[in-house]
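Peer 1: Mind looking over this structure? Questions follow.
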Amino acid sequence: MEGNNYSIENIFSRMFEDETALVINKIHRESCCYVQTRIKPEYLTGKEIDVFAYVSKEPSQIIVCECKFRQKDIEVPIGTEEIDDFYEKANIIKNNEKVKHPQSRLNFWFVTNSVSMNDDLLVYSKDRGIELKKAILSTDWRTNPKWRINNLVDVS
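My numbering numbers the first residue of the sequence shown as -12 and each following residue consecutively.
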């Protein structure tokens, strides 16, 4: 992402992260919710957290999201490698955020618009403490530059 040479896939991915943050804010509107996108904490040594939310309503919780937007390849299922990459990052985040927020519950969400997820992946992610969330997009997302995520559905 040097300069302003963004590919359409990158622009859609960034929109997907922003929309995920908005949905989390909407879900927790009754609580004091602080949401950030695309943060790079020092402890991740250059890696990025797509969406980081702190919900202060007791019991407080931290929601960390890995967002995988599928544009052309929406039928391609999420693979175990993608879950493993997030799991590795999640462990580092857990070790660091538990020190800062010892009373907070940590939730790790893998958010995607992929229309294909197999049962083995659901078990695989659950065994790693990762919740799979399916983003339900507005039906005109391919043609409407102002598309939205209508809902996040738990599939784990």
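Each residue gets a CB set at the ideal place from its N, CA and C atoms; glycine is no exception.
Are the Cβ atoms of Asn105 and Ala122 separated by less than 9 Å?
Peer 2: Result no, Cβ atoms of Asn105 and Ala122 do not sit closer than 9 Å.
Peer 1: Of the residues Ser143, Asp71, Val10, which one's Cα is nearest the Cα of Val22?
Peer 2: Val10
Peer 1: Mapping DSSP to helix, strand and coil, what is Glu68?
Peer 2: helix
Peer 1: Mind checking which residues open and close the beta strand (DSSP E) that includes Asn(-3)?
Peer 2: No beta strand (DSSP E) holds Asn(-3); the alpha helix (DSSP H) holding it covers -5 to 14.
Peer 1: Say whether chain B places a C-beta atom closer than 9 Å to the C-beta of Thr7.
Peer 2: Considering every chain present, this structure includes no chain B. It has just one protein chain.
Peer 1: Rounded to whole angstroms, what is the Cα-Cα separation between Met(-12) and Tyr41?
Peer 2: Note that Met(-12) scores a pLDDT of 44, beneath 50, so its modelled location is shaky and nothing firm can be said.
Peer 1: Taking 7 Å as the limit between beta carbons, can you name the residues of its chain near Trp128, skipping five residues before and five after?
Peer 2: Trp134
Peer 1: Excluding the five sequence neighbours on either side, which residues of its own chain have a C-beta within less than 7 Å of the C-beta of Thr24, listed in chain order?
Peer 2: Glu4, Asp5, Ala8, Asp37, Val38
Peer 1: Please classify Ile80: does DSSP put it in a helix, a strand, or coil?
Peer 2: helix
Peer 1: Just how far apart, CA to CA, sit Val102 and Phe56?
Peer 2: 11 Å
Peer 1: Using CA atoms only, rank isn't needed, just tell me which of Thr126, Asn131, Asp114, Lys76 is closest to Glu29.
Peer 2: Lys76
Peer 1: Specify the secondary structure class of Lys87 as computed by DSSP and reduced to three states.
Peer 2: Looking at Lys87 - three-state DSSP - the assignment turns out to be helix.
Peer 1: Is the beta carbon of Glu45 sitting closer than 9 Å to the one on Phe97?
Peer 2: no
Peer 1: Work out the CA separation of Val51 and Gly33 for me, nearest whole Å.
Peer 2: 16 Å
Peer 1: Quick one: measure Cβ to Cβ for Glu118 and Asn100, integer angstroms, because I've assumed they're closer than 8 Å.
Peer 2: Not a contact, Cβ separation roughly 16 Å.
Peer 1: Using a Cβ-Cβ cutoff of less than 8 Å, which residues in the same chain neighbour His88 once the five nearest sequence positions on both sides are dropped?
Peer 2: Cβ within range, chain order: Tyr41, Ser47, Ile49.
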